[in-house]
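Q: With mature numbering (1 follows the signal peptide of the UniProt record, and there is no 0) as the guide, the letters of the sequence shown map in order to residues -22 to -1, 1 to 333. For each residue, glycine too, the CB sits at the ideal point set by N, CA and C. Values in this document were obtained by computation on a predicted structure and should not be read as measured data.
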Amino acid sequence: MFFRSWAMYASFLFPVAVRAAAEYDLVKEYAGESFFDEWTFYNNVDNLTHGDVNFLGNIDAFHNKLAYTNDAGNAVMRVDNTTKLQFGQKRNSLRLSTKDQFTVGSVWVADLLHVPYGCSVWSAFWSSAPTWPVGDTFEAVNQDPLGHMGLHTNPSSTLINSTDCSTEANNNQGCIISNPNPASYGEAFANAGGGVYVTEFAIDGISFWFREPRIWFFNRTTLPSSLQGNVSTIDTSTLGIPVANWPADDCEVNEFFQPQEIVFDITLCGDYAGAASVFYQTCTGVCYNDWVLGDPSHYDTAFFEVSYLRVYGQPGELTVLQPSSTRRSAELSCLSVGGAIALATGSLLAIIWAL
């Protein structure tokens, strides 16, 4: 989740062939009262994207009700919407990442009922290796009518439809795609009851999949059966054709993509939402002076509400890496595995979005 020029957000959607069936078994779930148990809260100012926020640690986040489980059993992560600030102060917010990392050959499914929006708001649900790359499953700013998806890699990873996804090229614009559905962000997303994102992280390339009723959209009552209920196994071949694709013809995924942490964060203004060329597309005033320092109720809609986040892995393959002081231990997605364990092959990194 990093700054790039607004022009790069022009949609470039294109069909791709769906690969052979790939079945994945549930290996991890974040949901309900235990949702926040295995996350690291970034306890610092936003020194990464220069937003006007203080990211709270877990103790302060819970105490100030910026992170909590609501009466419906959903996890809520929000910006402070009650404190009147003085000039020079920053507004409290959250950035948290999974303690575990997930390898190539895994799928994560996030059921989001609400995403943060409003002038000055820069929200994202994304993944990152300790250094690079970064994959934005969902990212949006201000009153933008659309959500976006993006990819930022190490140097030398060159993919179709963008000449270079490297963080060192084109001011870190990355390879960006706009979600074409008008209910992919903001009030429209909330009014539609949110949506389900499915991210498939694999070797053949990078794809973003988008489910819509007649073309690619499904509301919650018409979701494919593979995404309904407490499913323990999913088959990504049932999810349709990706809305956009970055095939890995010129990019060795195992070389350029390290195991990923999953991240939720909400910052304000900063390098992207606060850039004049972006902010004045949909908002007025001065980002910090009129919004961050303004009426705290501006941020009543600046929150994530998450029903669950589930991670799936292919049977017999390394899926979850758990950090330790000296080494990372592996958790297998099956009880018994014979022979050498390899990372997944013959697959895609895909994101499927369903309302």
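Could you give the DSSP three-state label for Ala254: helix, strand or coil?
A: The answer is helix: DSSP assigns Ala254 an H, G or I state.
Q: Could you give the distance in angstroms between the alpha-carbon of Phe282 and the alpha-carbon of Ala53?
A: Pairing Phe282 with Ala53, the inter-Cα distance amounts to about 8 Å.
Q: When you compare only the Cα positions, how much space is there between Thr249 and Gly294?
A: Note on residue identity: the sequence assigns Asp, not Thr, to residue 249. Using only the alpha carbons, I get a separation of about 42 Å.
Q: Identify which residue in Asp78, Val31, Phe257, Cys265 has its Cα closest to the Cα of Thr297.
A: When only C-alpha atoms are compared, the closest one is Asp78.
Q: Between Thr115 and Trp104, which are expected to be in contact by the criterion C-beta below 8 Å, what is the C-beta distance as a whole number of angstroms?
A: 6 Å
Q: Run through DSSP, which three-state label would Gly248 get?
A: helix
Q: Going by DSSP, what residues sit across from Ile212 in a beta bridge?
A: Tyr2
Q: Give the straight-line distance between the Cα atoms of Tyr258 and Gly96, rounded to the nearest whole angstrom.
A: Approximately 13 Å between the Cα atoms of the pair.
Q: Given a threshold of 16 other Cβ atoms within 10 Å of its Cβ, counted over all protein chains shown, does Ala(-6) qualify as buried or as exposed?
A: Its pLDDT being 39, under 50, Ala(-6) is placed unreliably in this model, and the coordinates cannot settle the point.
Q: Quick one: grab the DSSP three-state call for Asn52.
A: coil
Q: Indicate the three-state DSSP secondary structure (helix, strand or coil) for Gly29 in the structure shown.
A: coil
Q: Does Pro108 pass the burial test, meaning 16 or more other C-beta atoms within 10 Å, or should it be called exposed?
A: By the neighbour-count rule (16 or more Cβ atoms within 10 Å), Pro108 is not buried but exposed.
Q: Assuming His92 is part of the beta strand (DSSP E), what are its boundary residues?
A: First-last of the beta strand (DSSP E) with His92: 84 to 92.
Q: I want to know whether the region 41 to 61 touches the region 7 to 23 - three or more CB-CB distances under 8 Å.
A: Judged by Cβ distances under 8 Å, the region 41 to 61 makes contact with the region 7 to 23, as three or more pairs qualify.
Q: Where do the N-terminal and C-terminal ends of the alpha helix (DSSP H) with Glu165 fall, by residue?
A: 164 to 169
Q: Given this structure, state the Cα-to-Cα distance separating Gln121 from Thr260, to the nearest angstrom.
A: Answer to the nearest angstrom: the Cα atoms are 5 Å apart.
Q: Mapping DSSP to helix, strand and coil, what is Leu217?
A: helix
Q: Taking all protein chains shown into account, do 16 or more other C-beta atoms lie within 10 angstroms of the C-beta of Ala308, making it buried, or fewer, making it exposed?
A: Below a pLDDT of 50, predicted positions are generally treated as unreliable, and Ala308, at 34, falls in that range; no measurement from the model is reported.
Q: Would you decide whether Asp213 is buried or exposed? Buried here means 16 or more other CB atoms lie within 10 Å of its CB.
A: exposed
Q: In this structure, how does DSSP classify Gln238 when only helix, strand and coil are distinguished?
A: If DSSP states are grouped into helix, strand and coil, Gln238 belongs with the strands.
Q: To the nearest whole angstrom, what separates the beta carbons of Thr27 and Ile240, a pair I think is in contact under 8 Å?
A: That belief does not hold up - the Cβ atoms of Thr27 and Ile240 are roughly 18 Å apart, past 8 Å.
Q: Which same chain residues end up closer than 8 Å to Asn208 when comparing Cβ atoms and leaving out the 5 residues on each side of it in sequence?
A: none
Q: When you compare each of Leu72, Lys68, Tyr163, Asp3 to Ile37 by their alpha carbons, which one comes out closest?
A: Minimum Cα-Cα distance from Ile37 among the listed residues Leu72, Lys68, Tyr163, Asp3 corresponds to Leu72.
Q: Hey, quick one: how far does the alpha helix (DSSP H) through Asn36 stretch, first residue to last?
A: 36 to 41
Q: In the DSSP assignment, the beta strand (DSSP E) including Thr76 goes from what residue to what residue?
A: 73 to 76
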